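Protein chains in written order, with the numbering used here: chain A, 964 to 1181; chain B, 160 to 415. Ideal placement from N, C-alpha and C gives every residue a C-beta, glycine not left out. Remember, it's a predicted structure, so these values are computed and weren't measured experimentally.
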């Protein structure tokens, strides 16, 4: 989800740049130097995964995945998303020097917010966890859509209808994103729960339960 | 997956110091993005075309890259004249085309194309590794550059993993449709990609630590600024002043 260059007004571009600089600084502070290879290679995986086109009726849409990025990387999602945007701009010649800040805000702020909202529910019972994961995928794209619309309207009041259009066009993406996030988090919980937040605690619990099971001869 | 069609060449632009080019690209795109005056934007269009011709880029490639933006701009031309209120200049039945809408569409079209042309000629004319080194010359946090370089390095590896997983599902007879099974398959595939990436990251960081990595990349490529670079930078600076002059002094005359 991008806003191209040459559309937004100076105040919007400037505020986007300021917010993104602050967010990236916080993100980098919270990211331990030992964790950087992990964050970078995961960010490469997100880059590749966001090029995946999933079918939708006769056409196809590409995934955004900022919900899962948020859940896995937390605040680290902000630098990871900014880097993905720079790579997209330079490697595919999309440009995006002046809109880098705004686009980082559009993608990364929902990621961090959904990290805080949905993190506590990931290791709850299956029903709660799946619905929270679905909501996480849906909500992060929803919020990105809201931000795009907001930035467009702040630039020029005449953009209201286009902003609505952009938002509505993303509704199907939100639903697909919800399903993909739900299945993906379910998968990660089974296969590699270390990737998800606060697993050290849960993991220990699982181990303790397993040991109890062994001791009780189950 | 990724090609850098403009990165190699022997034109004047390709020979200019990459740091100078990146600084000029940032300055030029910023002023164009902030401007809303047709006279000054017209002058930027002339400059971008001069740069494009002196960089001698493949025209077909340039057009095919610009087309991505044109798609979006066409939508603007269809909607803005109808939705932005203002003086009506033309109407078909109940559809009213406003002057303000048309002016705004024209302005956006010019601005986005010019900024992209600056990007092609000044940033895309170097390869990505050079670009990373250029960023490390400025006051950008070294952690961010470290992440950028590492991410770039592993995109290709992870893409290979993805292609492998995709082949694996295809040999099992998977054909994408609009149904839950397809979304589930893609979700599991992406999940597996994360698992593989995370395992690889652990191995990579251990290997880097074994080799005495201290969290900083050292630039082996030496930049040197020659007379040519000073001339180019001087030319762009003079143009920037000219642009600001046009932006503030010519607006009034134009609108009459």
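Straight across, the Cα-Cα distance linking residue 1005 (chain A) with residue 292 (chain B) is about 22 Å. Counting only residues of its own chain and dropping the five nearest sequence neighbours on each side, residue 1028 (chain A) has a CB closer than 7 Å to the CB of 1009, 1012, 1013. Sequence-distant Cβ neighbours of residue 356 (chain B) in its own chain, meaning closer than 7 Å and more than five residues away, are 317.
The shortest C-alpha to C-alpha distance from residue 1133 (chain A) to any of A:1103, A:1119, A:1117, A:1151 is the one to A:1103. Taking residue 1106 (chain A) as reference, the option from A:1140, A:1123, A:1043, A:1121 with the minimal CA-CA separation is A:1140.
Where residue 1019 (chain A) is concerned, the enclosing beta strand (DSSP E) starts and stops at 1016–1019. Neighbours of residue 279 (chain B) across chain A, judged by C-beta separation under 7 Å: 1056. What residue 1155 (chain A) touches in chain B, judged by beta-carbon distance under 9 Å, is 350, 353, 354, 357, 358, going in chain order.
Using a Cβ-Cβ cut-off of 7 Å, residue 283 (chain B) is close to 1056 of chain A, given in chain order. The beta-carbon separation of residue 1038 (chain A) and residue 1075 (chain A), rounded to 6 Å, stays under the 8 Å limit for a contact. Contact between the stretch 274–282 of chain B and the stretch 313–327 of chain B is absent: fewer than three C-beta pairs spanning the two stretches fall below 8 Å. Taking a C-beta cut-off of 7 Å against chain B, the contacting residues of the stretch 1136–1160 of chain A are 1139, 1142, 1143, 1146, 1147, 1150, 1151, 1154, 1155, 1158, listed in chain order.
Within 10 angstroms of the beta-carbon of residue 345 (chain B) lie 16 or more other beta-carbons, which makes it buried. Under the Cβ criterion of 9 Å, residue 1002 (chain A) is counted among the residues facing chain B. Under the three-state reduction of DSSP, residue 1081 (chain A) is assigned to helix. When C-beta distances to chain B are compared with 7 Å, the residues of the stretch 1001–1034 of chain A below that value are 1001, 1002, 1003, 1004, 1005, 1006, 1007, 1008, 1010, 1011, 1012, 1015, 1017, 1018, 1019, 1020, in chain order.
Pairing residue 1067 (chain A) with residue 968 (chain A) gives a Cβ-Cβ distance that is not under 9 Å. Between the stretch 1137–1151 of chain A and the stretch 327–345 of chain B, the count of Cβ pairs shorter than 8 Å is three or higher; the stretches touch.
Residue 163 (chain B) has a beta carbon lying within less than 9 Å of a beta carbon in chain A. Around the beta carbon of residue 360 (chain B), 16 or more other beta carbons lie within 10 angstroms, which makes this residue buried. In this structure, DSSP gives residue 1115 (chain A) a helical state, which the three-state scheme calls helix. Closer than 9 Å to the CB of residue 994 (chain A) there is at least one CB belonging to chain B. For residue 250 (chain B), the three-state secondary structure derived from DSSP is strand. Look at residue 255 (chain B) here: in three-state DSSP terms it is strand.
Inclusion of residue 285 (chain B) and residue 177 (chain B) in the CB contact set at 9 Å is warranted, their separation being smaller than that value. Runs of the alpha helix (DSSP H) lying entirely within the stretch 1017–1041 of chain A, each at least 4 residues long, are 1029–1036 in chain order. For residue 234 (chain B) and residue 1125 (chain A), the gap between their C-alpha atoms comes out near 9 Å. Residue 388 (chain B) and residue 210 (chain B) have their C-alpha atoms spaced approximately 14 Å apart. Take the alpha-carbon of residue 238 (chain B) and the one of residue 353 (chain B): they are about 40 Å apart.
At a cut-off of 9 Å between beta carbons, residue 1047 (chain A) contacts chain B.
For residue 978 (chain A), no Cβ of chain B is located within less than 9 Å of the residue's own Cβ. Contact between residue 399 (chain B) and residue 193 (chain B) does not hold, since the beta-carbon distance rounds to 12 Å and is not under 8 Å. Here the alpha carbons of residue 1085 (chain A) and residue 275 (chain B) stand approximately 42 Å from one another. Residue 1108 (chain A) and residue 1129 (chain A) have their C-alpha atoms some 7 Å from each other. For residue 377 (chain B), the three-state secondary structure derived from DSSP is coil.
Collapsing the DSSP output to three states places residue 272 (chain B) in a helix.
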